[in-house]
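Right, one structure below, let's go through it.
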Amino acid sequence: MRVAVIGHVEWVDFARVEMLPQPGEIVHASATWAEAAGGGAVAAVQLVELGCETLLFTALGEDELGRQAREQLERQGVRVLATASQEPQRRAFTHVDGNGERTITVLGTKLRPRGDDASLPWEELRRCDGVYFVSGDVAALRKARHGRVLVATTRELDTLRQGGDVLDAVVGSARDVGEEYRPGALEPPPRVVVQTSGSLGGWAQPGGPFAASERPGPMEDTYGAGDCFAAGLTYGLASGAEPMEAVALAARCGAAVITGRGPYGRMLKEAEVV
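Just so we're on the same page, this note's numbering is the position in the sequence shown counted from 1, plus 37.
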């Protein structure tokens, strides 16, 4: 299956701490690491792990971190189609506490791909079974519609409203005010709306409530859970699964990633999809 992700990449520094620092407090990290992540990168790698030929339409800084991000994602099997931005590569700092919860501080401007950028091979989207829209401008969203199935994050509602196209699905977190979706938020309405609620599962319309998937191991951290869920939903719908079957697979992706360190320590694999 051939899929595409349209979205941003961040270079993320991670620090594992027992507790988040209180105002004026100093805490010591038990482990640190850094890698390319962010919504576009994590979803793209999850789709690779599910066995897809995966294209990532993005923008990367023309600096050392942008170069490292490209090299890492290409090693992970992603075909990176990136505009070279004059802005520095966007960064983020993530604390992971003793309960596995991640808290993120973002540094810099979100580098979004633009649909009018002739340097990107947008025509390749016409040969994609599925597209997941994470971030980009309205022109990029309209190009995304060339894929057979289009899934988008509710975090980009303003862009989705301006696009005016029917989406096959929108997905977001009911626990994050920035991803809230209310009936009537988009016209025409999406065919499927999925809102996740962590260990409580979530709600799909149509379909109703769904349970969280059983974790395949102890929890490490929650970074990437939403991105992997969205990637799994895109995979399921693009493969022809019914919406609730796609949601069940997405839940398995979200449950798997939280049992590994960071976004890539443990992802659901193609061989595990039954």
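We treat Cβ as the ideally placed atom computed from N, Cα and C, and that holds for glycine.
Look at the beta carbons and you see the segment 234-248 not touching the segment 136-151: under three pairs across the two are nearer than 8 Å. For Lys306, the number of other beta carbons within 10 angstroms of its own is below 16, and it is reported as exposed.
Ranking Ile63, Thr196, Gly75 by CA distance to the CA of Asp174 puts Thr196 first. Distance from the CA of Leu178 to the CA of Val117, rounded to the nearest whole angstrom, comes to 18 Å.
Distance from the CA atom of Glu90 to the CA atom of Asp166, rounded to whole angstroms, is 10 Å.
For Asp100, there is no enclosing beta strand (DSSP E), as DSSP marks it with neither H nor E. Put simply, of Val311, Glu99, Ala267 the residue whose alpha carbon is nearest the alpha carbon of Val40 is Ala267. With respect to the C-alpha of Pro280, the residue from Ala206, Cys290, Arg303 having the closest C-alpha is Ala206. In the structure shown, Leu305 adopts coil according to DSSP, grouped into three states.
Of the candidates Arg104, Gly44, Pro58, Thr190, Arg104 places its Cα closest to the Cα of Glu72. Approximately 7 Å separates the beta-carbon atoms of Ala275 and Arg185; this is inside 8 Å, confirming the contact. Using a 10 angstroms sphere on the CB of Arg219, the tally of other CB atoms stays under 16, which defines it as exposed. Distance between Glu55 and Ala66, taken at the CA atoms: about 8 Å.
Tyr301 sits away from Val168, with the two beta carbons spaced by 9 Å or more.
Spanning the alpha carbons of Phe51 and Trp70 requires a straight line of approximately 5 Å.
Pairing Ala308 with Leu87, the inter-Cα distance amounts to about 8 Å. Beta bridge pairing from DSSP links Trp48 with Ala73, Arg128. Around the beta carbon of Ser210, 16 or more other beta carbons lie within 10 angstroms, which makes this residue buried. Here DSSP, grouped into helix, strand and coil, assigns Pro280 to helix.
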